[in-house]
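Q: For reference, the structure I am asking about is given below.
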Amino acid sequence: MKTAAKRRAEANPAEKGKQGCWTCKRRKIGCDKGVPSCDNCRRTGRDCLGYSVRLVWPDQPDGRRRRLLFPPYDWYYCPPSLIVSYGSQFLNTTFDDLRQPSWPSINDIINRVIGAHPLSLRPSACLSSYPHLLGSEPSILQYCDRISRMISTIDTTNGFRSELIPMALASSSAASLALCNAILAVSAFHKCGVTAALPFKAKAVRCLSSSLSSETCGGAAIMNTQLATSMMLCVYSVFDETDGNWYSHLDGAKAMFYHLSAMSGGKLRYQFLYTWLIYHEVLGAFSQPLQHIQHKTSSIDLLTDVNFDKTAVIGSLGCSLEVLEAIHCLNKIRCAIMAGPPEITEALILERRLVSLTQCVDPIDSPPSQNVGAEERPKVLLTAELYRIAALLYHHRVHAYYLDRCKERNFYLKQAFQILCQLPICTSPWPLFVIASEAESDDQRLVILRILDRMDEARKIGNIFVLRDIIQSLWKQQDLAADCKTSGNQPGWSNSWDLLFLDSKMAVPWFI
1 MKTAAKRRAE
11 ANPAEKGKQG
21 CWTCKRRKIG
31 CDKGVPSCDN
41 CRRTGRDCLG
51 YSVRLVWPDQ
61 PDGRRRRLLF
71 PPYDWYYCPP
81 SLIVSYGSQF
91 LNTTFDDLRQ
101 PSWPSINDII
111 NRVIGAHPLS
121 LRPSACLSSY
131 PHLLGSEPSI
141 LQYCDRISRM
151 ISTIDTTNGF
161 RSELIPMALA
171 SSSAASLALC
181 NAILAVSAFH
191 KCGVTAALPF
201 KAKAVRCLSS
211 SLSSETCGGA
221 AIMNTQLATS
231 MMLCVYSVFD
241 ETDGNWYSHL
251 DGAKAMFYHL
261 SAMSGGKLRY
271 QFLYTWLIYH
281 EVLGAFSQPL
291 QHIQHKTSSI
301 DLLTDVNFDK
311 TAVIGSLGCS
321 LEVLEAIHCL
331 NKIRCAIMAG
341 PPEITEALIL
351 ERRLVSLTQC
361 VDPIDSPPSQ
371 NVGAEERPKV
381 LLTAELYRIA
391 ALLYHHRVHA
401 YYLDRCKERN
411 FYLKQAFQIL
421 CQLPICTSPW
431 PLFVIASEAE
441 SDDQRLVILR
451 ILDRMDEARK
461 IGNIFVLRDI
471 IQSLWKQQDL
481 AADCKTSGNQ
491 PGWSNSWDLL
501 FLDSKMAVPW
511 FI
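Position one of the sequence shown corresponds to residue 1 (the UniProt record's numbering), numbered consecutively onward.
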């Protein structure tokens, strides 16, 4: 009696595989070679793997082929005399190094290498060389990563990171310790608040006092570190609106600057520390011009360098030196007007300088490594332009009695608000205050308040909180003086700045 398989085979003699299916081969049994699946697999309920071509890997034994003999593992191992020492760094490792139990283990090989070439220890972390920093590494990293970016518009050549940190870690001198603790105070305040910052600030003041009394012969390097400490304490006073020692720290920094100037023959070249100082001095004089005009010589007058590009934007300023010098001139004119009318020719020349000024991001002949990146370039240029327009609005307000600039004022005010709307966050309080003081409509005031909200959320710096109060107090004065008669081109509330800054709390420079 014929089986069903034989009957199908006789009926379709061509429908047979040339060799057994892969399932039968794996079971090592005969196969009837049925198509599309053999009867053996169908009868036993197995999955027939068919007759197609399959790839076979030699390192996966299937019991049908002889195992290949690989070269012994020692073939990969060179004698110690031929090994080049790479220290403790692994250049490459394969899975076989860890998988072969019958051959020499990876530990055996490492022990042989170590016996021939003792491994040198990894260099320890750089901060371990400074015992006074143990436990403070997060604050240093917070300063390097976040705060230094907040207080400089340009991060590529950020002096707050590239110059101050090396000065703070250069030695164990009292001046370096003072600067280091001042940096830690700013970082701790921004991260954890005043309670965490006060120990660092107190230690910075003590170390600075010790340095001023014991390191008087340290030369320009020590004095620059002392100046940097005083300036960092100024920054702390800007962050902590309750501190109230900004003027004291700035006066100390100016005294050191004058001494450095005398040591160098009366003039100093432009560098990060000195431009940082004059930025604080000029914007401090904006709120207290009479106090600063008492000094016959300003720090900005002691800096000179014919090769320095004054149109280049400086990150610690947010604008170019050309704009900062214009603000300085306007501060002096504001004081001079109290004694008599200004020199109109001088005012027109200053206005023409500001109108025609084009600020650049990359200084002339600067190396490519110091050029500003494409991502931050638009923000840097917009911020610098905001300073220039604010300086023009400041110029129009100072000379409002003597120059008719109503159309120009409206044009620049419109430009200023366009720039503010393009900036994701306004990082510069001074131009924002000048623009806010010119804002008249409720829509413009709402724009200013929204910008202040974003600054509060992103920066969390004390001067921003006070800046809001100053602007709102100014608006209240303007609203109360809305019905006052105007005189010529001068609005009725034109003297509101001077009235506002008579209050000692408002006079503290929150425009840094």
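Beta carbons are placed, not taken as given, at the ideal position from N, Cα and C, and that holds for glycine. As the structure is a prediction and not an experimental result, all values here were calculated from the model.
Taking the Cβ atom as the reference point for each residue, do Glu438 and Arg409 lie within a distance shorter than 9 Å?
A: Cβ atoms of Glu438 and Arg409: closer than 9 Å.
Q: Can you tell me which of Ser441, Val447, Trp430 and Glu440 puts its alpha carbon nearest to the alpha carbon of Ile470?
A: For the residues Ser441, Val447, Trp430 and Glu440, the minimum Cα distance to Ile470 belongs to Trp430.
Q: By the three-class DSSP mapping on this structure, what secondary structure does Cys38 have?
A: Note: Cys38 maps to coil in three-state DSSP.
Q: Whole alpha helix (DSSP H) runs in the region 221-307 with 4 or more residues, listed along the chain?
A: Whole alpha helix (DSSP H) segments, 4+ residues: 246-263, 272-287 and 289-293.
Q: For Ser320, which three-state DSSP category applies?
A: In the structure shown, Ser320 sits in a strand (DSSP, three-state: E or B).
Q: Using the Cα positions of Phe239 and Ile349, report the straight-line distance between them to the nearest angstrom.
A: Near 37 Å, if we compare the C-alpha coordinates of Ile349 and Phe239.
Q: In angstroms with no decimal places, state the Cα-to-Cα distance between Met167 and Cys207.
A: Approximately 15 Å between the Cα atoms of the pair.
Q: Just the Cα atoms here: how many angstroms apart are Lys310 and Ser173?
A: Each residue's Cα considered, the two are about 35 Å apart.
Q: Which word fits Ser304, buried or exposed, when buried means at least 16 other C-beta atoms lie within 10 angstroms of its C-beta?
A: Residue identity check: residue 304 is Thr in the sequence provided, not Ser. Thr304 should be labelled exposed.
Q: Give a yes or no on contact between the region 173-182 and the region 446-459, applying the rule of three or more CB pairs nearer than 8 Å.
A: No, they do not touch.
Q: Assign Cys421 to one of two classes, buried (16 or more other C-beta atoms within 10 Å of its C-beta) or exposed (fewer than that).
A: That one is exposed.
Q: Please classify Gly425: is it buried, with 16 or more other beta-carbons within 10 angstroms of its beta-carbon, or exposed?
A: This sequence places Ile at residue 425; Gly is not what is there. Exposed is the call here.
Q: If you count every other CB in all the chains shown that lies within 10 Å of the CB of Asn307, and 16 or more means buried, which is it?
A: By the neighbour-count rule (16 or more Cβ atoms within 10 Å), Asn307 is not buried but exposed.
Q: In angstroms with no decimal places, state the Cα-to-Cα distance between Ile147 and Ala347.
A: Going from the Cα of Ile147 to the Cα of Ala347 covers about 38 Å.
Q: Thinking C-beta only, is Gly318 closer than 9 Å to Thr427?
A: For Thr427 and Gly318, yes; Cβs fall inside 9 Å.
Q: For Ala196, which residues in the same chain have their Cβ closer than 8 Å to its Cβ, ignoring the five residues on either side in sequence?
A: Counting only Cβ-Cβ distances below 8 Å, and skipping sequence neighbours, we find Ala188 and Phe189.
Q: Among Leu290, Val53 and Cys360, which residue has its Cα nearest to the Cα of Trp22?
A: It is Val53 whose Cα lies nearest to the Cα of Trp22.
Q: For Lys16, which residues does DSSP report across the bridge?
A: Partner(s): Gly34.
Q: Residues in the same chain with beta-carbon distance under 8 Å from Ser230, minus the five sequence neighbours each way, listed in chain order, please.
A: Cβ neighbours of Ser230 beyond the five flanking positions: Leu208, His249, Leu250, Gly252, Ala253 and Met256.
Q: Which same chain residues end up closer than 7 Å to Tyr130 when comparing Cβ atoms and leaving out the 5 residues on each side of it in sequence?
A: Because Tyr130 carries a pLDDT of 44, less than 50, the predicted location of this residue cannot be relied on, and the following value inherits that uncertainty. Excluding residues within five positions, the ones whose Cβ falls inside 7 Å are Leu169.
Q: For a test of the three-state rule: what should DSSP assign to Val361, helix, strand or coil?
A: Three-state DSSP puts Val361 in coil, outside helix and strand.
Q: Leaving out five residues on either side along the sequence, give the residues of the same chain with a beta carbon under 6 Å from the beta carbon of Asn245.
A: Ser237, listed in sequence order.
Q: In this structure, does DSSP put Ala182 in helix, strand or coil?
A: Residue state, collapsed to three classes: helix.
Q: How many Å lie between Ile333 and Ala285 at the Cα?
A: Cα-Cα distance, rounded: 12 Å.
Q: Thinking C-beta only, is Ile512 closer than 9 Å to Val186?
A: Not in contact: Val186 and Ile512 (Cβ atoms no closer than 9 Å).
Q: What does the Cβ neighbour count give for Ile183, buried or exposed, with the cut at 16 atoms within 10 Å?
A: It is buried - the Cβ of Ile183 has at least 16 other Cβ atoms within 10 Å.
Q: For Ala204, name the three-state secondary structure that DSSP assigns.
A: Correct three-state label for Ala204: helix.
Q: Flag this pair as yes or no: are the beta carbons of Val380 and Thr153 separated by less than 9 Å?
A: Yes, they are a contact pair.
Q: So the candidates are Ile278, Lys28 and Cys24; which of them puts its Cα closest to the Cα of Gly50?
A: Out of Ile278, Lys28 and Cys24, Cys24 has the C-alpha closest to the C-alpha of Gly50.
Q: With a threshold of 16 other CB atoms inside 10 Å of the CB of Ser316, please say whether the residue is buried or exposed.
A: When all chains shown are included, Ser316 counts as buried.
Q: Quick check on Ala390: does DSSP put it in helix, strand or coil?
A: Ala390: helix per DSSP, three-state reduction.
Q: For Glu351, count neighbouring Cβ atoms within 10 angstroms of its own Cβ and tell me buried if that reaches 16, exposed if not.
A: Glu351 should be labelled buried.
Q: Taking Ser356 as the reference, which of Gln477, Arg468, Gly17 and Ala391 has the closest Cα?
A: Of the candidates Gln477, Arg468, Gly17 and Ala391, the one whose C-alpha sits nearest the C-alpha of Ser356 is Ala391.
Q: Compare the beta carbon distance of Ile389 and Gln415 with 9 Å and say whether it is the shorter of the two.
A: Result yes, Cβ atoms of Ile389 and Gln415 sit closer than 9 Å.
Q: Residues in its own chain within less than 8 Å of Leu227 by CB, not counting five upstream and five downstream?
A: Cβ neighbours of Leu227 beyond the five flanking positions: Ala253, Met256, Phe257, Leu260, Leu273 and Leu277.
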